[in-house]
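Contents: one structure, followed by commentary.
Chains as they are written, first to last, in my numbering: chain A, 2 to 1056; chain B, 7 to 492.
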């Protein structure tokens, strides 16, 4: 395809191309920019670093291989193309031509000619540019000495002069202050700030604005925006169920680090190895959360070893992209095809990150180990105090003393048996299904098996979900007769299910049913459901049905009592759980006919719905009302009575604890009872407090470090050679005395001898201000990446960054105070055509704001913005169902979206809760990434879906309404429009713009005047209140005007 | 970006300035919604080196991918093994399992008894294809589809497996198949997205498997290629409707003013992006009409609803989505991705698979019939299948009436129909235990290569340069499964 397009190129057309170009003029050929990219893209896959794939032993990515003597002659003979085997083969007209067709690569005539000329000129060869240390060259000479403001401009201008171009004039002051404000803080300038700059006639007025903005806390937020993409920061784990995590404290650390101008080397070391510093501070431990921002899995059935490898691979890829600009991930499965990174290099680098004390599957309930508990000093003192009280109290109640008291008590204490008065049936489940009431209504197994285990009174019966137990004629009761049914249940179903019910007869369900409603989540990943009791007569209308209001938690023994007074009214039906009366709601309340059913009462009958799964104990049915005392006795005292009665039996731990608690709560001496009650309160309080203290995931070394092996094809199952941590062989090694761990690696990354880091980082800064890096492929400084458009400038900035002590603010300041940055972004058509991507920098950059800034900008213009910094993620307006449509039930966190109320709706976009599998839709529409992986370069698209967001997302509709309110306050229509323009785009509107919008307002006034109801509906959007004194029709009409202004291309663009 | 791409980009831009008064604005618009007219000259300012037109004559112009999320059991539905009855209850021999890794959900079981399907099979159609009685409607179209019984994958859990079949990689980060196709072929529609996604919820009683937006994401491709979610409740496309109180006239009036204001700046700045912005607002406006008319089924005659079954009148159901998929196909949507959740039957399989099959069988077959009646099946490729298969051995307790099955990567069944596919065939054979493939394996990458092939694209040449490498949907693998092709 590529070749097919090439014939479109008119012969001899001279391109401006900052990258590898095919210019064939007489000038000296630049190996780095013109030759190496051709060789890399077309030859290296088979004649490059990958030893296994290398053909005929020829290696062309290194000088040595390219010029080495070979049987058929060297690949390259300097000065002599026709003796160069490489040239012979690429220019061959027969089947020997390289690259071969199977490679899908091919060279065009221009490229072949270029290589020929390069060989003719002596085949000058250099190591790949980014692997050589940056050089600080003297400033190039320029003709226009007046233009440069700082060193940057010498390099930019020299290039422009070479190309025969002139820089654009400086942008006007209004444009400049808006550009600076959006670039450095992500927020628009207030009109007063614009005015102040316009009024400041001092020579350094511009620099004063820069310094003001760099000192603003908003600067840290703006810088963090980029870092969060790189660090793949998110509020959920990302894989599968994708429940929440708490890493926002790490995010706040990043903002603080930028605002405090933490030098980039320390910024690096603390995030990669803060835990390995000598006596690290808490912030330094927190910083290492960087290395835990990757996705974490806990999918049921997944294999831990597999994901341990994925986490480490992610750390390798992320750090290699951020600091080295290398696509090291290629080395996971095989030697890199283009760059000198062997598979072994990959695993040696991998080894640095393979010793974190983490689990392969984790994160089910929030943060995954290891975590840092971020206790405040106040919280710590509270916990300490409780701990002291608890331990003191435990000393006051020595086990020996309590045991002695309890032993004495146990010998003498007798509890009365429960009343057997009018006990219609009684199933004790003590290893059998007999009715021990004397009624001989024995139960039987209808399907499956019953297993007997420890119960609440003696043993209990277990049902597997496949078991069906039938209580024959157990319930001989009817409408006018009081009854009480009491039972211990412990169930593990997580869907609605029928517990005990009469089997339906012909004519519909009839009799008693005890059912559990749909299960709902409770805190701590528990579930519960509401208990429904139904008394059904014949016919569908003949039903009394009541339901508990509270959810009853599953998976523990619950004592359930249902009592009915024979009144045929719902009010006569009461439910007790664990001896306590439950508030109920009445669902149906009509029972005029008998409901007695001759059928059996069933447990686990599949035909009645989901069968019961769990245990049952001590089912009693009385043909009378039990008193509250009797119910309390059955729920609280009867289990203890049965324990005490069984004096010889060996007690389980649970039974011993139950007995102890009963004794200390009810029968122990008053002092012990008080002490025990306080102790329980303190323990509960401590648990509650500890649970409320947030944590953050951090890196911590394993006590016994895991060994690292080369993994065949990157598969965790194919362990090969054992490797130890080291830097890639093609780069300088770690310092001799450096520890071979993350700390050593971090120091190596920011060592002045590392040729990559400083270049890669300043290049990303450049991208922030010019839309494109000097190296466009900011994530790839390798062989296949694009060479820099201004290599000397890149090196200058890189060396400047290091020599300044990695001063981040100083670097931003240097860039934004350059004349290059200050140019107007207006572009003549000829220049757009010549340099559509503005790689020559003959004009200022003009590009759409980042997603979060589009939103923040609208909120700021409208006055709605809540500038609060930091804290947990917030939930702005989001259409219903975005999460729920793809979620996994509701037991896990981050499955249901509930919008924040109040001021949290208006926080900056960067604080929006970021769910990886369903990222915030309005931000994603403007190219915000899902944060699954490290992103160094966001896409910048222009789509109709963006137009829909600006027109219809409640955030923007509400912002328009709020802006309209501000506008109306400004006075007449012209003033209103002027205010809105100054807020939105900093400048005053042109006359024709005012005219146009006045006309829009006039037409809309008449539209809404004719339809005031529509006005009210429009104004009702959004939670914020508006000034009730404003006329609704007028406000609605101006809301439309404000919406147009907020949707302007200029409003969402920095120019 | 490699030099030839720069040249092409440069030239195309020059060409467009000459061709179109809308300049780059028109071009960028074409990139989002890709009218076929412009697709030949489409370029990718984001840095792509993709071939933009088909590599050879396509058989299919669009895809409807009916993904059965959770992984339906091939044993109960497609892979007829009369001999299993004899093996029922017997332990799965090690000679069959051959050390196959299994998930943490069953690796602790001390027994792996073989379960024969509880549902009978019978022969359908002229081809006499054996299918489960759970699929009577699929049986009616069995002569129009090709059943591949030997698709196999690498992952054994849902997240990596579904990510793999949708993007060619088990780990996140790659573009989805729909994104690749819309990048490769663009859209045929002037006012609808090229790639649309619909999620239908479970019909069984078990909890669904979750899904992830990455499954229809664009990965490293420019984000305009990502799937647009069509939703069942609220706006079919997010933010589509005007807010309450904004009438049609007000919207038009506001847009006209906005366009006029933007145009003034375009004159002053000479930035083609402004023209694009104007065009995108107009496109959004057109979508406000075209999307509701697409999702409004009121004009469909009763016999169509009868064909798809009663659920087809209920928004959000799989049947409704199948009918909608046909309407999208008619309107030129390039890649229509459905997800039907609820096939993950680790336990209570007999109950849940029956419920799920009942919800899926009729609409899936109806879609094939409907497309065929309208002459659309010839150039529409329909794909039906999950992310892996299910184990022959029982998960949990095996009783006379109940059992479950765990995840099985070594074989599962997928059916395809329509453009480029040989109808009425079954491809591939598994062993007696429905565990290993003995004939004609089709790896997930092969399936992907085959789908692209039907669309006229060579999977080895549909590439995008990212991080210095020309990435493909099929990574470095994949062979077109020629036996499936017409």
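For each residue, glycine too, the CB sits at the ideal point set by N, CA and C. All of these numbers come straight from a predicted model, not from anything done at the bench.
Taking the Cα positions, residue 79(B) is about 12 angstroms away from residue 441(B). The three-state reading of DSSP puts residue 878(A) in coil, since its state is none of H, G, I, E or B. CA-to-CA, the gap between residue 945(A) and residue 156(A) works out to about 39 angstroms.
For residue 485(B) and residue 464(B), the gap between their C-alpha atoms comes out near 10 angstroms.
A direct Cα-to-Cα measurement between residue 417(B) and residue 369(A) gives close to 34 angstroms. Counting of Cβ neighbours within 10 angstroms places residue 693(A) among the exposed residues, the total staying below 16. A Cβ-Cβ distance of about 7 angstroms is found for the pair residue 293(B) and residue 243(B), placing them in contact under the 8 angstroms criterion. Annotation: residue 884(A) is outside any alpha helix (DSSP H) and is labelled neither H nor E by DSSP. Residue 212(A): member of the alpha helix (DSSP H) spanning 206-216, first to last residue. Cβ proximity to chain A below 9 angstroms picks out 283, 284, 285, 286, 287, 288, 289, 290, 291, 292, 293 and 294 from the stretch 283-296 of chain B. Counting the other Cβ atoms within 10 Å of the Cβ of residue 295(A) gives 16 or more, which makes it buried. Any Cβ of chain B closer than 9 angstroms to the Cβ of residue 1021(A) would place that residue at the interface, and such an atom is present. The three-state reading of DSSP puts residue 615(A) in strand, counting E and B together. Inclusion of residue 141(B) and residue 367(B) in the CB contact set at 9 angstroms is warranted, their separation being smaller than that value. Judged by beta-carbon spacing, residue 447(A) lies beyond the 9 angstroms limit of residue 433(A), meaning their Cβ atoms are not closer than that value. According to DSSP, residue pairing for residue 636(A) in a beta bridge does not occur.
Every candidate beta strand (DSSP E) stretch fails here, since none sits fully inside the stretch 829-867 of chain A while reaching 3 residues.
Below 8 angstroms, enough C-beta pairs join the stretch 222-235 of chain B and the stretch 176-192 of chain B to call them touching: three or more.
Burial check for residue 397(B): the Cβ neighbour count within 10 Å reaches 16 or more, so the residue is buried. For residue 162(A), same chain residues with a beta-carbon under 7 angstroms away, outside a window of 5 residues either side, are 143 and 144 in chain order. Taking a Cβ-Cβ threshold of 8 angstroms, the residues of chain A close to residue 264(B) are 1045, 1048 and 1049, in chain order.
Residue contact with chain A for residue 301(B): absent (no Cβ-Cβ distance below 9 angstroms to any residue of chain A).
Contact note: residue 279(B) reaches chain A through 943, using a C-beta cutoff of 7 angstroms and chain order. Using a CB distance cut-off of 9 angstroms, residue 331(A) counts as an interface residue toward chain B.
Going by DSSP, residue 522(A) is part of the beta strand (DSSP E) stretching over 521-523. Judged by DSSP secondary structure, residue 279(B) falls outside any beta strand (DSSP E) and instead within the alpha helix (DSSP H) spanning 278-301. Assignment of residue 463(A) by DSSP, reduced to helix, strand and coil, places it in the strand class. Nearest neighbour of residue 381(B) by Cα position, chosen from 424(B), 405(B), 392(B) and 342(B), turns out to be 424(B). Check the Cα spacing between residue 731(A) and each of 181(A), 165(A), 339(A) and 429(A): the tightest is with 339(A).
Against chain A, a Cβ distance below 7 angstroms from residue 205(B) picks out 886 and 887. Per DSSP, the continuous alpha helix (DSSP H) segment holding residue 82(B) begins and ends at 80-83.
For residue 517(A), the enclosing beta strand (DSSP E) has its first and last residue at 512-517. When the Cα atoms are used, residue 982(A) and residue 473(B) turn out to be separated by approximately 41 angstroms. By the Cβ criterion, the stretch 205-221 of chain A is not in contact with the stretch 330-346 of chain A, since fewer than three pairs of Cβ atoms, one from each stretch, lie closer than 8 angstroms. Taking the C-beta atoms as reference points, residue 267(B) is found no nearer than 9 angstroms to residue 291(B). Three or more beta-carbon pairs drawn from the stretch 679-686 of chain A and the stretch 377-397 of chain A are found closer than 8 angstroms, and the two stretches are therefore classed as touching.
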